[in-house]
Amino acid sequence: MNYRWDWSILFKDTYMGWLWSGLLWTVIISLASWAVALTVGLLAGSARSAPSRGARLLAGLYIDVFRNVPPLVQLFLWYFVLPEVVPDSFGLWLKRDLPYPEIVTAVVAIGLFAGSRVAEQVRAGIEAVGAPLMPAALATGLRPAQAFRLIVLPLGLRAIVGPLTSEFLITVKLSSLSLTIGVLELTAQSRHVENYTFQGFEAFTFATIGYLVIGLCVTGLMRFIDIRIGGAALRKTPA
Amino acid sequence: MIVIEDVHKSYGNQHILRACSATVSLGEVVVVCGPSGSGKSTLIKCINGLVPFERGTITVDGVSVSSPKTDLPALRARIGMVFQTFELYPHMTALQNVSLAQIHVLRRSRAEADARSEKILARVGLGDKRDSRPSQLSGGQQQRVSIARALAMDPRAMLFDEPTSALDPEMINEVLEVMQELALEGMTMMVVTHEMGFAQRVADRVLFMDRGQIVEDAPKTQFFTAPASERARQFLTKVLTH
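Sequences listed follow chains A and B, in order. Every letter in the first sequence is one number past the one before it in the numbering used here, and letter 229, counting from 1, is 229. Every letter in the second sequence is one number past the one before it in the numbering used here, and letter 141, counting from 1, is 1141.
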């Protein structure tokens, strides 16, 4: 291989600035879309076991649509199509007045896609671990909503910290899709550096390490949460 | 106290309960026995509305279980229930298991509820286990926590659905002793069980069920010495010769 490595470009002011700003946007978009995913996923996943048929159908529709359309297509729909199909004034507002339009769009699109996956995990946790205790909770006189909030949901969530860690990691990696609508996140900035310096290997090494460190932080955080809420202890088979 | 009148229940075209009628008076201990699949568990779950039924009526303390006007949670709060597989909340300590419904249903303060829970845990012989989680307790201990959880609500009656069927033989007695004490204190109890020794010691009456019907409803002595139906006689020969 005939490649002249030059690690010093990573420490040149301009390029270092680009890469670090890319890393920062990746972190911001990841955390924001995870917040959206978790909120929407909790609501939709819980609604799947709601007494109201309407709520169950609505949640099911959301999950089916958002889980089955490629996230990149969803991103384009939100960014390019939505402003054209809504009433003119709102479309204009989306295109002209919305602050950080690419970033907000990326957060919404990635968050709603990941949310549909989180919803299915939440539903599975509730059905497998939480719901079997519903009769016992009701028998003590708790109202169905109380039994759900105090027993069924907390147990269901404890059971799925592992799968949720994976969803969180996927959400981080999906943030790189936002470069397609012009967000200068970590992957975009690495390409940017490559275009200017022809030192793409160094730039993408930086990006790789960046994603790796974020991923390890996420894994560590989720493991910490799992231990704090006693999830691991619950998965041990009782005597 | 509990009046069951002509209750029918079916899943699809399979009849689980047919024309079941029975009464449990205040302070009475009624044991329900019969072969597996005879509808015992279903019947007892109909009493606090955990299982809906199609025909007939059940009234508890004068309140109809199936009436849409009934506040079912309020009714359930006054009837304790103990399940075959304990059904404790695995993410909570024994104390939290016993306190939860006191706090959220009876609106007791946490301190008040915990004090009451400690007293009841001590009463079922688990005073030292308040901070243990269900997974750290033996089956017999778990079932006693579950009895404590029901008792903490100061129930007017207790329903037991095969409380010892999931236990190792050596743990059965510690649970039965707690139940026997309860009975002696005058608690109204309906107990689905295969423990005929318990029935002989503690029951006032025995209901014998077979294929969804209450075949026999007799005072204890009469049931064990001179059962009226052939089916009950067969059943008794089988379980008592063990």
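Glycine residues also receive a C-beta, built at the ideal position from the N, C-alpha and C atoms.
- Residues of chain A with a Cβ closer than 8 Å to the Cβ of arginine 1149 of chain B are, in chain order, Thr140.
- Using a Cβ-Cβ cut-off of 8 Å, alanine 1157 of chain B does not count as an interface residue toward chain A, since no Cβ of chain A sits closer than that to its own.
- Note on geometry: alpha-carbon atoms of tyrosine 1011 of chain B and glycine 1039 of chain B lie some 12 Å from one another.
- According to DSSP, residue pairing for histidine 1008 of chain B in a beta bridge involves B:Arg1055.
- Collapsing the DSSP output to three states places methionine 1081 of chain B in a strand.
- Leucine 174 of chain A places its beta carbon 8 Å or farther from that of proline 101 of chain A.
- In this structure, threonine 1093 of chain B keeps its C-beta atom at 8 Å or more from the C-beta atom of aspartate 1154 of chain B.
- DSSP, read as helix, strand or coil, puts glutamine 1014 of chain B in strand.
- Rounded to whole angstroms, the gap between the alpha carbons of threonine 205 of chain A and valine 65 of chain A is 36 Å.
- Phenylalanine 201 of chain A and alanine 47 of chain A have their alpha carbons spaced roughly 47 Å apart.
- In the DSSP assignment, valine 1098 of chain B falls within the unbroken alpha helix (DSSP H) covering 1094-1104.
- In this structure the region 1044-1061 of chain B does not touch the region 86-95 of chain A; the number of beta carbon pairs closer than 8 Å is below three.
- Beta bridge pairing from DSSP links methionine 1209 of chain B with B:Ile1214.
- Inter-residue distance for serine 52 of chain A and threonine 1057 of chain B is about 27 Å (C-alpha atoms, whole angstroms).
- Closer than 8 Å to the CB of isoleucine 126 of chain A there is not a single CB belonging to chain B.
- By the 16-neighbour rule on beta-carbons within 10 angstroms, tyrosine 3 of chain A is exposed.
- In the DSSP assignment, alanine 35 of chain A falls within the alpha helix (DSSP H) that extends over 13-47.
- Annotated as proximal: glycine 1212 of chain B and isoleucine 1016 of chain B, with beta-carbon spacing under 8 Å.
- Per DSSP, methionine 1190 of chain B is one residue of the beta strand (DSSP E) stretching across 1188-1192.
- Annotated three-state conformation of isoleucine 1002 of chain B is strand, per DSSP.
- Proximity of serine 1135 of chain B to chain A, defined by a Cβ-Cβ separation below 8 Å, is satisfied.
- With a cut-off of 8 Å on Cβ pairs, the region 1101-1115 of chain B is not in contact with the region 1161-1175 of chain B, counting fewer than three such pairs.
- Three or more beta-carbon pairs drawn from the region 30-42 of chain A and the region 158-176 of chain A are found closer than 8 Å, and the two stretches are therefore classed as touching.
- Legend: CB atoms of the region 160-178 of chain A lying less than 7 Å from CB atoms of chain B are not found in any residue.
- With distances taken between CA atoms, cysteine 1020 of chain B lies nearest to B:Phe1053 out of B:Phe1053, B:Gln1014 and B:Ser1036.
- Residues of the region 1082-1114 of chain B that bring their beta carbon within less than 7 Å of a beta carbon in chain A comprise Phe1083, Glu1087, Tyr1089, Pro1090, His1091, Leu1100, Ala1101, His1104 and Val1105, in sequence order.
- For leucine 1126 of chain B, the three-state secondary structure derived from DSSP is coil.
- Burial is judged here by how many other beta carbons sit within 10 angstroms of a residue's own beta carbon; serine 1229 of chain B has fewer than 16 and is exposed.
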